[in-house]
Amino acid sequence: HQESKEKDEL
Amino acid sequence: MNIFRLTGDLSHLAAIIILLLKIWKSRSCAGISGKSQILFAIVFTTRYLDLLSTFISLYNSCMKVIYIGCAYATVYMIYMKFRATYDGNHDSFRVEFLVVPVGGLAVLINHDFSFMEILWTFSIYLESVAILPQLFMISKTGEAETITTHYLFCLGLYRALYIFNWVWRFYFEGFFDLIAIVAGVVQTILYCDFFYLYVTKVLKGKKLSLPA
Numbered sequence: 415h416q417e418s419k420e421k422d423e424l
Numbered sequence: 246m247n248i249f250r251l252t253g254d255l256s257h258l259a260a261i262i263i264l265l266l267k268i269w270k271s272r273s274c275a276g277i278s279g280k281s282q283i284l285f286a287i288v289f290t291t292r293y294l295d296l297l298s299t300f301i302s303l304y305n306s307c308m309k310v311i312y313i314g315c316a317y318a319t320v321y322m323i324y325m326k327f328r329a330t331y332d333g334n335h336d337s338f339r340v341e342f343l344v345v346p347v348g349g350l351a352v353l354i355n356h357d358f359s360f361m362e363i364l365w366t367f368s369i370y371l372e373s374v375a376i377l378p379q380l381f382m383i384s385k386t387g388e389a390e391t392i393t394t395h396y397l398f399c400l401g402l403y404r405a406l407y408i409f410n411w412v413w414r415f416y417f418e419g420f421f422d423l424i425a426i427v428a429g430v431v432q433t434i435l436y437c438d439f440f441y442l443y444v445t446k447v448l449k450g451k452k453l454s455l456p457a
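Residue numbers (the working numbering), protein chains in the order written: chain A, 415 to 424; chain B, 246 to 457.
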C-alpha cells in the first residue's frame, strides 16, 4: 500500500 | 535518498533563491507573476502541513521550512515591499481556472479520502500547473529577463530530476506513487517549450524574446 508510506519527498 | 532526488531538491532550492535574489538585488519584481508565486505558497502550505504531525528527517523538515519561508517572502516582496514594480496588467491569468478544477480532481482522485491526504493531493496537482501564470505572462509580454529564465530553468530541471528519481526508486526500492508521477510528468512537459528556448537562445547569450 504505497500511500501509507511516509511522504519523504519534498 | 538518491543523487537525482538530492540534486532535484537543490535545483528547486536554487530556483527559489535565484528568484528572491533577483527581486532583492534589482529592487523590482518586473516580469514575475505574483499569481504563480501565490500558487506556490499555497502548494507548500497544503503539502507541508505534515511538519506538525510527522517527523521524517532533519533534512526533510529543514527544507520544508526553507521552501515555505522563501515562498511567503517572495509573495511579500511582490505584493508589499516592491508592489510598485509589480506588473499586474500582464499577470492576467485566471487562477480560478486552475484552483477549482484541481481542487475537484483532488477530491475525486486521491489515495485516501482524508483531510490531510486530500490537501497533499491538491498540492501535488496544483504544483503541476502553478507555473502557468508565469509562462502566460512571458508569452503575453513576449520576453523575459535572463535571470528569470535561469529561475525557470532550475525549476524545470528540478521536475525532470524528480522523474529520474522515481525511475530509480521504482527499480531499486519498488516504490512508486502514481499521483506524484503523473502530476510530475505533466509539470515537466509544460517546461519543454521553455527548455527549447532556453537552450537555443539564453545559453547562446541572447535574451529570451518570442517572435511577435
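Cβ coordinates follow ideal geometry from the N, Cα and C atoms, glycine included.
Asp422 (chain A) beta carbon less than 7 Å from that of Ile311 (chain B):
no
Inter-residue spacing [alpha-carbon to alpha-carbon] between Asp254 (chain B) and Leu297 (chain B)
21 Å
Extent of the continuous alpha helix (DSSP H) to which Tyr317 (chain B) belongs:
303-321
Quick check on Tyr418 (chain B): does DSSP put it in helix, strand or coil?
Per the sequence presented here, residue 418 (chain B) reads as Glu, with Tyr not at that position. If DSSP states are grouped into helix, strand and coil, Glu418 (chain B) belongs with the helices.
With the cut-off set at 7 Å, would you say Arg414 (chain B) and Gln432 (chain B) are in Cβ contact?
no
Do Glu388 (chain B) and Ser281 (chain B) come within 7 Å of each other at the CB atom, strictly closer than that value?
no
Starting from the Cα of Asn247 (chain B), find the closest Cα among B:Tyr324, B:Ser273, B:Asn410 and give me that residue.
B:Asn410
DSSP three-state call for Leu251 (chain B): helix, strand or coil?
helix
Just the Cα atoms here: how many angstroms apart are Asp438 (chain B) and Phe398 (chain B)?
11 Å
Chain A partners of Trp365 (chain B), CB-CB under 8 Å?
Lys421
Report the option in B:Tyr370, B:Leu251, B:Thr319 whose CA atom is closest to the CA atom of Leu265 (chain B).
B:Thr319
Can you find the residues in the same chain that come closer than 7 Å, C-beta to C-beta, to Phe381 (chain B), ignoring five residues on each side of it along the sequence?
Phe338
Answer with yes or no whether the minimum CB distance from Ile383 (chain B) to chain A is below 7 Å.
no
By Cβ distance below 7 Å, which residues in the same chain neighbour Phe440 (chain B) in space, the five residues on each side in sequence not counted?
Gly401
Please state the DSSP three-state secondary structure of Leu453 (chain B).
strand
Phe421 (chain B) burial status per 10 Å Cβ neighbour count (16 or more: buried):
exposed
Residues near Lys452 (chain B) in its chain [Cβ-Cβ closer than 7 Å; skip 5 each side]:
Glu388, Thr391
7 Å is my cut-off, CB to CB: does Met361 (chain B) come that close to chain A?
no
May I ask you to report which of helix, strand or coil DSSP gives Ala351 (chain B)?
helix
For the segment 272-279 of chain B against the segment 322-337 of chain B, are there 3 or more C-beta pairs whose distance is under 8 Å?
yes
With respect to the alpha helix (DSSP H) encompassing Asp438 (chain B), which residues constitute its N-terminal and C-terminal limits?
423-445
Name the residue from B:Glu372, B:Asn355, B:Phe417 whose alpha carbon lies nearest to the alpha carbon of Ala286 (chain B).
B:Glu372
Let me check understanding here. Comparing Cα to Cα, which of B:Tyr436, B:Ala428, B:His395 lies closest to Ile262 (chain B)?
B:His395
Closer than 8 Å, Cβ to Cβ, to anything on chain A: give me those residues from the segment 304-335 of chain B, in chain order.
Asn305, Met308, Lys309, Tyr312
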